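In the numbering used here, the protein residues as written are 1 to 375.
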């Protein structure tokens with residue numbers, strides 16, 4: 001993730017925190033004044049962001065860059081009254097491993113949507129969890145270089161650690177942890193609406209990927225056997241994304257398949273309509289795995305932070321994973337109509353946001369180059 005900045009021998013400068021590693025180099029009064037002035041800027045940005053998550057109307061409000069350390073301090077401004085020592089504030093300022101830059105508007109947007117509710121549809125990218133954790137100020141106590149992967153994604157591990165590493169940043173009310181596959185129908189209003197982040201994938205491609213990944217979500221508890229073929233699996237486990245957005249929490253044990261995606265009743269037209277409404281009105285970020293690079297660039301355009309090499313890396317390699325599109329002929333023409341309708345809506349939302357935030361492959365060149373520089 002690049003060399004550590006702001007070490008014991010290197011002061012923060014060039015728009016970063018203006019805080020040297022030695023506590024004696026800056027008085028508590030000076031830092032308090034800095035935070036107080038910055039808090040007024042944040043308050044103005046927050047007022048507009050609460051009304052609308054679209055780009056700032058006044059371009060001047062979005063013109064200046066804030067460092068990741070400043071973003072952290074602004075979004076956790078209550079440290080002024082709760083910190084027991086000056087050293088705690090300095091330590092907070094030195095947590096980032098890379099110099100991430102954000103505008104005041106981007107910081108405000110991220111602050112407004114915290115705690116973030118990551119709705120993780122199976123086989124749409126564990127990598128996205130890493131992207132979220134490395135957004136400015138989200139996980140100030142994250143161990144250097146930490147990434148979600150097979151070793152760090154076992155049940156309970158991620159949720160337990162995010163409580164420590166990312167205090168107040170992620171919501172998993174009624175769920176196991178921030179990266180699980182629970183249905184959120186029962187907690188949508190209380191913890192997802194206005195806080196939701198989701199990546200969606202072309203439905204038939206997602207089904208084949210899930211089938212190859214140990215028949216993810218197949219209801220063994222009901223059939224007492226594996227699916228006999230891909231088609232049977234698809235017929236039972238289709239509508240997964242719709243079910244997650246509309247049905248109550250069932251994540252369960254992959255060894256038995258007692259999960260919301262493997263919940264046998266097919267997704268209904270009522271559920272499809274509800275899922276589409278929730279996606280459009282309640283999610284602050286909708287990405288498309290088939291457009292991963294643009295999705296990541298869009299995320300940073302909205303919420304700030306540098307584009308990192310790890311944003312574009314696949315960290316969870318599944319069984320029989322394909323780098324290219326899967327051959328859908330084994331489905332014998334079967335289509336996941338429920339998730340297909342939701343994916344169509346997601347694609348429309350995604351396209352609208354690309355235009356709204358002026359994101360394209362051309363405009364994202366600097367993002368991609370920045371990510372390459374961190375390799």
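Glycine included, C-beta positions come from ideal geometry on N, C-alpha and C.
None of the values given here were measured: they were computed from a predicted structure.
Here residue 260 is near residue 244, since their CB atoms are less than 7 Å apart.
Burial state of residue 204 is buried, judged by a 10 Å Cβ sphere holding 16 or more other Cβ atoms. DSSP places residue 117 within a strand segment (E or B) once states are collapsed to three.
Taking the Cα positions, residue 140 is about 32 Å away from residue 246. When secondary structure is reduced to three states using DSSP, residue 199 falls in the strand class.
Within the same chain, Cβ atoms closer than 7 Å to the Cβ of residue 187 are found at 173 and 174, the five residues on either side in sequence being excluded. If you compare the alpha carbons of 131, 286, 308 and 125 with that of residue 195, the shortest gap goes to 286.
The continuous beta strand (DSSP E) containing residue 284 extends over residues 283 to 288. Beta-bridge partners of residue 170 (DSSP): 116. Here residue 211 is buried. Its C-beta has 16 or more other C-beta atoms within 10 Å. When the beta-carbon positions are compared, residue 339 and residue 239 come within less than 7 Å of each other.
Taking residue 350 as the centre and dropping the five residues before and after it, the same chain places the C-beta of 286 and 288 closer than 6 Å to its C-beta, in chain order.
A straight-line Cα-Cα distance of about 17 Å links residue 136 and residue 127. Under the 10 Å beta carbon count, residue 226 is surrounded by fewer than 16 other beta carbons and is classified as exposed. In terms of Cα proximity to residue 328, the closest of 217, 206, 276 and 311 is 206. Taking C-beta atoms under 8 Å as the contact rule, residue 346 and residue 272 fail to qualify, at a distance of about 12 Å. The alpha-carbon of residue 336 is positioned some 27 Å away from that of residue 176.
Taken through DSSP and simplified to helix, strand or coil, residue 267 comes out as coil. If you draw a straight line from the Cα of residue 166 to the Cα of residue 121, it comes to about 22 Å. In the same chain as residue 113, and ignoring 5 residues on each side of it, the C-beta atoms closer than 6 Å to its own belong to 195 and 284, in chain order.
The alpha-carbon of residue 267 is positioned some 24 Å away from that of residue 326. In the structure shown, residue 326 adopts coil according to DSSP, grouped into three states. Here the alpha carbon of residue 354 sits roughly 29 Å from the alpha carbon of residue 149.
If you check the CB distance, residue 357 and residue 301 come in under 7 Å.
For residue 314, the CB contacts under 7 Å within the same chain, skipping 5 residues up- and downstream, are 127 in chain order. Sequence-distant Cβ neighbours of residue 278 in its own chain, meaning closer than 7 Å and more than five residues away, are 188 and 245.
Around the C-beta of residue 224, fewer than 16 other C-beta atoms lie within 10 Å, and the residue is accordingly described as exposed. Residue 367 carries a helical assignment under DSSP once its states are collapsed to helix, strand and coil.
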